[in-house]
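Down below is the structure, laid out as structure tokens.
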Amino acid sequence: MTHSISGKTALDWAAFEAELAPVETISEPVLVKKRSRDFFWYSPILNAQLRKSFGDLVALPSTTEELAHCLRTAHAHDAPITLRGGGTGNYGQAVPLDGGLIIETTRMNRILEIGEGFVRAEAGAIIEDINTALHEQGWELAIFPSTQDIATIGGFVAGGSSGIGSVAQGMLRDPGNIVSLKAMSVTDTPQERLFEGDAVNQIHHAWGLNGVITEVTLRTVPHRNWVHCMATFDSYRDTYAAGYALSCAENIARKLVSTQDARICDFYPRLESRIRKNKHLLVSLVPQEDMDAFRALIAEQGGQVDLAMSEAELKEAKIPLVYEFAYNHTTLQVLKADRSATYLQVGCPTPPDPQAIADLRPKLGDDVWQHHEFALLDGEIVTFDLPIVWYSTEERLHEIEATYEANGFPIFDAHICMVEGGGLKNADYRHLAWKKRMDPKGLLNAAKSREWVNVKDMDPEAIEAMIPG
Numbered sequence: 244m245t246h247s248i249s250g251k252t253a254l255d256w257a258a259f260e261a262e263l264a265p266v267e268t269i270s271e272p273v274l275v276k277k278r279s280r281d282f283f284w285y286s287p288i289l290n291a292q293l294r295k296s297f298g299d300l301v302a303l304p305s306t307t308e309e310l311a312h313c314l315r316t317a318h319a320h321d322a323p324i325t326l327r328g329g330g331t332g333n334y335g336q337a338v339p340l341d342g343g344l345i346i347e348t349t350r351m352n353r354i355l356e357i358g359e360g361f362v363r364a365e366a367g368a369i370i371e372d373i374n375t376a377l378h379e380q381g382w383e384l385a386i387f388p389s390t391q392d393i394a395t396i397g398g399f400v401a402g403g404s405s406g407i408g409s410v411a412q413g414m415l416r417d418p419g420n421i422v423s424l425k426a427m428s429v430t431d432t433p434q435e436r437l438f439e440g441d442a443v444n445q446i447h448h449a450w451g452l453n454g455v456i457t458e459v460t461l462r463t464v465p466h467r468n469w470v471h472c473m474a475t476f477d478s479y480r481d482t483y484a485a486g487y488a489l490s491c492a493e494n495i496a497r498k499l500v501s502t503q504d505a506r507i508c509d510f511y512p513r514l515e516s517r518i519r520k521n522k523h524l525l526v527s528l529v530p531q532e533d534m535d536a537f538r539a540l541i542a543e544q545g546g547q548v549d550l551a552m553s554e555a556e557l558k559e560a561k562i563p564l565v566y567e568f569a570y571n572h573t574t575l576q577v578l579k580a581d582r583s584a585t586y587l588q589v590g591c592p593t594p595p596d597p598q599a600i601a602d603l604r605p606k607l608g609d610d611v612w613q614h615h616e617f618a619l620l621d622g623e624i625v626t627f628d629l630p631i632v633w634y635s636t637e638e639r640l641h642e643i644e645a646t647y648e649a650n651g652f653p654i655f656d657a658h659i660c661m662v663e664g665g666g667l668k669n670a671d672y673r674h675l676a677w678k679k680r681m682d683p684k685g686l687l688n689a690a691k692s693r694e695w696v697n698v699k700d701m702d703p704e705a706i707e708a709m710i711p712g
């Protein structure tokens, strides 16, 4: 009997499932469809494109041996494969465009080793679990996503680029942040390969298209007594200027600096009476020992510290941790109340220029609410705008993007499910060369790459020769 939920993959999935034994599987269509989705619905454009894309079967291997068995079986039957961790991606990374087998890694979740300045864990380990284990030994991840309670470490490395900690530690790709990783090939005899140093970027941020990440070693830093802080200001210009000042302050450590339009705060009901109404918001994490300096800086910048609580105090008060109001959690907080919102990803002039931000605001229109994240890039403080956009039409969305671009703010497309979109914009031939080595049949969700069809018959060395420069 041949059946296919996706309607695209003509395999006898009942026989395929039997062949995967003893690996645990899910074939119930409702559950398979649920695991065929991630947070692509942040984008109305991606939602229209991807909401009817489903896999045919889910496998949940719990060991590398079971994972290898899944990959070997898929290779033998030319079955498309989509990798899935916690499903927190925003671009459809975990959506099986060609149907087929979904491999969920969450059963491969062991924390393997904690050492001086590093942690080694299986790809399916939940990031919050890793941080909890690290805290007990006096460490914490240098960088982690705002979705750490459900995101896996393998998914973060496969799809992430920055996060909580980037304002101090840089981008995930920066030397030393990913110490090493292991990835398995999709071949008749799957092999694990170790990538260390700069070689990790041959696999990192490729959305799982060029190898199956099995294990990750990340840099850790000493755990600090972080205070969750919120400060408010009368103008967005002053808020942004304060964020820049805090990001550069030599006497204040920080793990997060985020600034948000006052109108966004109306969608934070749990902050009602905790922060001043109709004021622009600065969200930060500052160590306890630097709080006097932090309060002085906020006052010098014309603001007021409205909230300064420990993690335990926040939990007691039933208030989310402050990073749940940062990065794309900001977007999520709004979407919980109104699904007509979406967002963009926008670069900003460097060094950060509060006046340029202020001059741009009236040009954007009332349907665009600014939200900036501060990060360290190539040794310099930069910002990214992740604005709330009230979606009306695709034409209006492109008009907003054009306004940003015309004023010197580059757009990184948040509404495309191709790996060549977003921050990359162009094909990464180093990633594609490694896809050819690790996945010669192109079974790992190759539909996510526009360029793969043009290079799939080339040798890896010939693909690498296409790298610019």
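So the sequence shown is numbered by the working numbering: it starts at 244 and just counts up by one.
We put the beta carbon where it would ideally sit given N, CA and C, even for glycine.
Own chain partners of residue i with C-beta closer than 6 Å, once the 5 adjacent residues on each side are dropped
| i | result |
| --- | --- |
| W382 | T463 and H466 |
| R480 | P597 and A601 |
| V696 | none |
| E262 | T316 |
| G664 | D656 |
| G413 | L619 |
Whole-angstrom distance between residue j and residue i, CA atom to CA atom
| i | j | result |
| --- | --- | --- |
| Q544 | W284 | 38 Å |
| A536 | I407 | 21 Å |
| I654 | K522 | 27 Å |
| V698 | L675 | 8 Å |
| L524 | S405 | 21 Å |
| D671 | I346 | 24 Å |
| D702 | R416 | 26 Å |
| V301 | R327 | 10 Å |
| A542 | D549 | 12 Å |
| M244 | A364 | With a pLDDT of 39 at M244, under the threshold of 50, the modelled position of this residue cannot be trusted; read the value that follows with caution. Rounded to the nearest angstrom, the two C-alpha atoms are 40 Å apart. |
| G451 | I421 | 16 Å |
| Q434 | P323 | 18 Å |
| S423 | P595 | 32 Å |
| Q547 | D581 | 29 Å |
| A484 | A496 | 17 Å |
| L377 | E559 | 22 Å |
| V362 | Q445 | 20 Å |
| G685 | L344 | 14 Å |
| S286 | I562 | 27 Å |
| S501 | L293 | 30 Å |
| H320 | F282 | 30 Å |
Residue of the options minimising C-alpha distance to residue i
| i | options | result |
| --- | --- | --- |
| E637 | S247, A291 and A705 | A291 |
| M473 | A505, G413, I446 and H448 | A505 |
| K613 | Y570, E308, D621 and R604 | According to the sequence provided, residue 613 is Gln. The question's Lys does not apply to it. For the residues Y570, E308, D621 and R604, the minimum Cα distance to Q613 belongs to R604. |
| A649 | I659, A599 and V662 | A599 |
| D392 | Q380, A368 and G403 | A368 |
| G298 | I248, A261, P304 and L254 | I248 |
| E532 | E267, I269, R519 and S553 | S553 |
| S409 | E623, I370 and K561 | E623 |
| S428 | S389, G330, E704 and R315 | R315 |
| T593 | L619, E559, F568 and T573 | L619 |
| L540 | T475, R280, V611 and S279 | T475 |
| D700 | D682, A492 and I518 | D682 |
| R680 | S286, S279, T430 and E308 | T430 |
| H471 | K579, A376, V565 and M534 | V565 |
| T348 | D610, G329, S527 and V338 | G329 |
| K277 | S286, G358 and V338 | V338 |
| D610 | C591, F627 and I631 | I631 |
| G360 | N453, L461 and L293 | L461 |
| D621 | E260, V273 and P418 | P418 |
Interface flag, residue i vs chain C, CB-CB below 9 Å
| i | result |
| --- | --- |
| I407 | No chain C is part of this structure, which consists of one protein chain only. |
8 Å contact criterion, which residue i and residue j should meet: CB distance rounded
| i | j | result |
| --- | --- | --- |
| K251 | G342 | 4 Å |
| I288 | H658 | 4 Å |
| Y647 | T585 | About 14 Å; that fails the 8 Å criterion. |
| V455 | L355 | Incorrect: roughly 17 Å between the Cβ atoms, too far for contact. |
Same chain, Cβ closer than 8 Å to residue i, five either side skipped, listed in chain order
| i | result |
| --- | --- |
| N740 | The structure shown does not extend to residue 740, since the chain spans only 244 to 712, so no value can be given for it. |
| I350 | Residue identity differs from the one stated: residue 350 is Arg in this sequence, not Ile. Excluding residues within five positions, the ones whose Cβ falls inside 8 Å are E267, L303, P304, S305 and G367. |
| A449 | A401, V662, D671, H674, W677 and K678 |
| L629 | Y570, N571, T573, T574, Y586, L587, Q588, V589, H614, H615 and E616 |
| I706 | Y672, L675, A676, K679 and V698 |
| C591 | A599, I600, H615, V625, T626, F627, D628 and F652 |
| S389 | G406, I407, Y566, E567, A569, Y570, N571 and H572 |
| I643 | L587, L607, G608, D610, V611 and V632 |
7 Å Cβ shell around residue i - same chain, five flanking residues per side excluded
| i | result |
| --- | --- |
| L340 | S296, N688, A690 and K691 |
| Y511 | F568 and Q576 |
| R538 | V548 |
| I518 | M473, T475, C508, L524, D549 and L550 |
Touching by the beta-carbon criterion (3+ pairs, under 8 Å), the region 334-348 and the region 425-444 = Taking 8 Å as the limit for Cβ pairs, the verdict is that the region 425-444 does not touch the region 334-348.
The region 396-404 touching the region 489-506, judged by at least three CB pairs closer than 8 Å = By the C-beta criterion, the region 396-404 is judged not to be in contact with the region 489-506, since fewer than 3 inter-stretch pairs fall below 8 Å.
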